[in-house]
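J.:
There are 2 protein chains.
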Amino acid sequence: MQPNIRIVLVKTWHPGNIGAVARAMKNMGLYQLYLVDPVDFPSEEASNRSGKALDVLEQATVVTSLSEAIADCALVIGTSARDRSIKLPALSPEQCAQKSMTEQQQAPVAIVFGRERTGLLNDEIQQCHFQVNIDTSPEYPVLNLSQAVQIICYEIFKVFQADKPNDSQLTEDDAYPLQKELIAFQQHLSDASQATGFINDRHPGQTLEHLQALFRRARPSKKELSILRGFLSSVEEQAIKKR
Amino acid sequence: MQPNIRIVLVKTWHPGNIGAVARAMKNMGLYQLYLVDPVDFPSEEASNRSGKALDVLEQATVVTSLSEAIADCALVIGTSARDRSIKLPALSPEQCAQKSMTEQQQAPVAIVFGRERTGLLNDEIQQCHFQVNIDTSPEYPVLNLSQAVQIICYEIFKVFQADKPNDSQLTEDDAYPLQKELIAFQQHLSDASQATGFINDRHPGQTLEHLQALFRRARPSKKELSILRGFLSSVEEQAIKKR
């Protein structure tokens, strides 16, 4: 199931950006691209920049006005309108993602991105219900169009993923030793440290404790534990031969 | 104050991507760009794609190997290693941002991005302490390089912005060794393993690699590393006496 969320690009100037947007969308599981009066489309540069998201470009819906692109939507979110006379309630990218994922169950959601240089015009902003603002450094606050789309789609995908049951499985190689095996290892470490004279039986101090804490934290797998014990055995053998 | 976090690009093929990365970084308040053996740099295309981040490109540090780029770093995070035999502990982009912002107080943090097509090689992954994975759609899981950088930098900027009184302060005891100190330890471990006969110089197999992966994952503190080296020295002494 794909989220019923469309990305709407208004009068995009640079075809490379359109391609990069298609890729950014598909990477995050979104497929509905709407192009309002694009300056140069279809174009070879758009195709090149789309990577393996050519299908998103080919299925893109080209329209002549924003109102056409959003006619069947119930929620329309515009991107960073900067300072405008008419202000919309502002959402962070996370809030935008939450709201979009909730509302797409009912009707298509549109997230609208303006022109590269001038953004959305006032009459376009007035067709949006919210604006989403990506926080940026004041030193250089203007993101490339496709990068802005990437961030918005990334936040949507996070919400989409969170709703799914976790399918991460443990493999055989990841198997962890039992507690009793770990304790036997700690004893082995202590024996070997004494065998080389590294630790004095009578004054062990905190050295061994530090080492043991380190190995607890590392959580060796069964396999790693067996390698460590092999090394310690080779150390003990040396020490015995010496005596 | 800029975060002491550097973005390291390994053998980037496409100069446009380098420019787009510079822009993505500056948009999110990051300025330290390291380029490991870039295929085409400096280049007009990189400059064009950087927008108003030409300063980031001009200040970029070009080096010939990953180890040079990260020698003075204490935390090195690699991007999405896909399926590899030696696994690094995985971070989400948010966790990567939290960890980087905390640890950059002590020493520079490096976030490493691999080649466009083939990513990071095994010997490069082995120089990282963690990997960061950006969740993507299984239909098309490969992000454009600059888009991946954008997401990572965006999450860092969120943490930077949140400007919480950072309660996760580093204490002297938690201080981490620099990469070059870790490499010296790995060498010491290898020497000691050979000295006891645990590992045969001519047929080291994967045993040592497994051990090294374990210690990378454990991330010994400076103090723990010095205890480990003390133990290894005592092991070597035994072996020498024996001869």
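Quick mapping for you: the protein sequence lines, in order, are chains D and W.
All residue numbers for the first sequence refer to the working numbering, where the first residue is 1105 and numbers rise by one.
All residue numbers for the second sequence refer to the working numbering, where the first residue is 1105 and numbers rise by one.
Backbone N, C-alpha and C fix where the C-beta goes; we use that ideal spot for every residue, glycine too.
Keep in mind the model is a prediction, meaning the values are calculated, not measured.
Distance, Cα to Cα, residue 1250 of chain W vs residue 1297 of chain W?
T.: For the purposes of this step, residue 1250 of chain W is taken as residue 146 along the second sequence, with counting starting at 1. For the purposes of this step, residue 1297 of chain W is taken as residue 193 along the second sequence, with counting starting at 1. Rounded to whole angstroms, residue 1250 of chain W to residue 1297 of chain W spans 42 angstroms at the Cα level.
J.: Run down chain W in chain order and give the residues with a C-beta less than 8 angstroms from the C-beta of residue 1255 of chain D.
T.: Mapped onto the first sequence, residue 1255 of chain D falls at position 151. Ordered by position in chain W, the residues that pass the 8 angstroms Cβ test against residue 1255 of chain D are 1254, 1255 and 1258.
J.: Please state whether the Cβ-Cβ distance between residue 1161 of chain D and residue 1128 of chain D is less than 8 angstroms.
T.: Numbered from its first residue, the first sequence carries residue 1161 of chain D at position 57. Numbered from its first residue, the first sequence carries residue 1128 of chain D at position 24. Against a cut-off of 8 angstroms, the Cβ pair of residue 1128 of chain D and residue 1161 of chain D comes out as no contact.
J.: Which residues of chain D have a Cβ atom closer than 8 angstroms to the Cβ of residue 1166 of chain W, listed in chain order?
T.: Your numbering for residue 1166 of chain W matches position 62 in the second sequence. Residues of chain D whose Cβ lies closer than 8 angstroms to the Cβ of residue 1166 of chain W do not exist; the shortest such Cβ separation is about 22 angstroms.
J.: Compute the Euclidean distance between the alpha carbons of residue 1118 of chain W and residue 1283 of chain W, then round it to the nearest angstrom.
T.: Locating residue 1118 of chain W in the second sequence gives position 14, counting from the first residue. Locating residue 1283 of chain W in the second sequence gives position 179, counting from the first residue. For residue 1118 of chain W and residue 1283 of chain W, the distance between alpha carbons rounds to 29 angstroms.
J.: Which one of D/1206, D/1199, D/1194 and D/1239 has the shortest CA to CA distance from residue 1232 of chain D?
T.: Stepping through the first sequence from its first residue, residue 1232 of chain D is reached at position 128. Residue 1232 of chain D has its Cα closest to that of D/1194, out of D/1206, D/1199, D/1194 and D/1239.
J.: Residues in its own chain within less than 7 angstroms of residue 1287 of chain W by CB, not counting five upstream and five downstream?
T.: Residue mapping note: residue 1287 of chain W aligns to position 183 of the second sequence, counting from 1. Answer for residue 1287 of chain W: no residue qualifies.
J.: Does the distance from the CB of residue 1303 of chain D to the CB of residue 1315 of chain W come in under 8 angstroms?
T.: Walking along the first sequence from the start, residue 1303 of chain D turns up at place 199. Walking along the second sequence from the start, residue 1315 of chain W turns up at place 211. Not a contact, by the Cβ cut-off of 8 angstroms.
J.: For residue 1265 of chain W, go through chain D and note every residue whose CB falls closer than 9 angstroms to its CB, in chain order.
T.: Your numbering for residue 1265 of chain W matches position 161 in the second sequence. Those within 9 angstroms of residue 1265 of chain W in chain D are 1239.
J.: How would you list, in chain order, the residues of chain W whose beta-carbon sits under 8 angstroms from the beta-carbon of residue 1314 of chain D?
T.: As a first step, residue 1314 of chain D is located in the first sequence; it is residue number 210 there, counting from the start. The contacting residues are 1327, 1328 and 1331.
J.: Which term fits residue 1345 of chain W, buried or exposed, when burial requires 16 or more other beta carbons within 10 angstroms of its beta carbon?
T.: What you label residue 1345 of chain W is simply residue 241 of the second sequence in a count that begins at 1. Burial call: exposed.
J.: Output the boundary residues of the beta strand (DSSP E) element that contains residue 1136 of chain D.
T.: Here the question's residue 1136 of chain D lines up with position 32 in the first sequence. Element bounds for residue 1136 of chain D: 1136-1140.
J.: Is residue 1130 of chain D near residue 1244 of chain W, with beta carbons less than 8 angstroms apart?
T.: The count along the first sequence starts at 1 and reaches residue 1130 of chain D at position 26. The count along the second sequence starts at 1 and reaches residue 1244 of chain W at position 140. Their beta carbons are under 8 angstroms apart, which means residue 1130 of chain D touches residue 1244 of chain W by this criterion.
J.: Could you check where the beta strand (DSSP E) with residue 1303 of chain D kicks off and where it finishes?
T.: In the first sequence, the residue the question calls residue 1303 of chain D occupies position 199. Per DSSP, residue 1303 of chain D belongs to no beta strand (DSSP E) and is neither H nor E.
J.: Could you check whether residue 1279 of chain W and residue 1325 of chain W sit closer than 8 angstroms to each other, using their CB atoms as the reference points?
T.: The residue given as residue 1325 of chain W occupies position 221 in the second sequence. The residue given as residue 1279 of chain W occupies position 175 in the second sequence. Cβ distance < 8 angstroms, so residue 1325 of chain W and residue 1279 of chain W count as in contact.
J.: May I have a chain-ordered list of the alpha helix (DSSP H) segments no shorter than 4 residues that lie completely inside the region 1195-1271 of chain D?
T.: 1197-1207, 1226-1229 and 1249-1266
J.: Would residue 1219 of chain D and residue 1115 of chain D qualify as a contact pair, given that the criterion is a beta-carbon distance under 8 angstroms?
T.: Position 115 of the first sequence, counted from the first residue, corresponds to residue 1219 of chain D. Position 11 of the first sequence, counted from the first residue, corresponds to residue 1115 of chain D. Taking 8 angstroms as the Cβ cut-off, residue 1219 of chain D and residue 1115 of chain D qualify as a contacting pair.
J.: Name, please, each residue of chain W whose Cβ falls closer than 7 angstroms to the Cβ of residue 1301 of chain D.
T.: If you number the first sequence from 1, residue 1301 of chain D lands on position 197. The contact set of residue 1301 of chain D on chain W, defined by CB atoms closer than 7 angstroms, consists of 1338 in chain order.
J.: CB-CB under 8 angstroms to residue 1273 of chain D, same chain, minus the five flanking residues each way: which ones, in chain order?
T.: As a working note, residue 1273 of chain D is residue 169 in the first sequence. Confidence at residue 1273 of chain D is low in this model, with a pLDDT of 47, below 50, so the placement of that residue should be treated as unreliable; the coordinate-derived value is given next. There are no such residues.
J.: Would residue 1289 of chain D and residue 1329 of chain D be called neighbours here (beta carbons separated by less than 8 angstroms)?
T.: Counted from its first residue, the first sequence places residue 1289 of chain D at position 185. Counted from its first residue, the first sequence places residue 1329 of chain D at position 225. The answer is yes: Cβ separation under 8 angstroms.
J.: By Cβ distance, which residues of its chain are closer than 6 angstroms to residue 1153 of chain D, with the 5 residues on each side in sequence left out?
T.: Position 49 of the first sequence holds residue 1153 of chain D. The answer, listed in chain order, is 1120, 1123 and 1124.
J.: Run the CB neighbour count on residue 1105 of chain W, radius 10 Å, all protein chains shown included, and call it buried at 16 or more, exposed below.
T.: As a position in the second sequence, residue 1105 of chain W is number 1, starting the count at 1. Exposed is the label assigned to residue 1105 of chain W, since fewer than 16 other Cβ atoms lie within 10 Å of its Cβ.
J.: When burial is assigned at 16 or more other CB atoms within 10 Å of the CB, is residue 1242 of chain W buried or exposed?
T.: Looking up residue 1242 of chain W in the second sequence gives position 138. Exposed, because fewer than 16 other Cβ atoms sit within 10 Å of the Cβ of residue 1242 of chain W.
J.: Helix, strand or coil for residue 1110 of chain W, going by three-state DSSP, please let me know.
T.: For this step, residue 1110 of chain W is matched to residue 6 along the second sequence. Here residue 1110 of chain W sits in strand by DSSP.
J.: For residue 1173 of chain D, I'd like the list of residues in its chain whose CB is within less than 6 angstroms of its CB, leaving aside the five on either flank, ordered along the chain.
T.: Residue mapping note: residue 1173 of chain D aligns to position 69 of the first sequence, counting from 1. Excluding positions up to five away in sequence, the list reads 1112, 1138, 1140 and 1167.
J.: Express the C-alpha separation of residue 1228 of chain W and residue 1170 of chain W in angstroms, rounding to a whole number.
T.: By one-based count along the second sequence, residue 1170 of chain W stands at place 66. By one-based count along the second sequence, residue 1228 of chain W stands at place 124. The straight-line gap from Cα to Cα measures roughly 7 angstroms.
J.: Would you list the one or two residues that DSSP bridges to residue 1182 of chain W?
T.: Position 78 of the second sequence, counted from the start, is the residue given in the question as residue 1182 of chain W. DSSP lists W/1216 and W/1235 as partners of residue 1182 of chain W.
J.: I'd like to check one pair, residue 1224 of chain W with residue 1155 of chain W: are the Cβ atoms closer than 8 angstroms?
T.: Along the second sequence, read from residue 1 onward, the residue named residue 1155 of chain W stands at position 51. Along the second sequence, read from residue 1 onward, the residue named residue 1224 of chain W stands at position 120. It is not a contact, given that the beta carbons lie outside the stated cut-off.
J.: In three-state terms, what does DSSP make of residue 1165 of chain D?
T.: Sequence index remark: in the first sequence, residue 1165 of chain D carries index 61 (1-based). Looking at residue 1165 of chain D - three-state DSSP - the assignment turns out to be strand.
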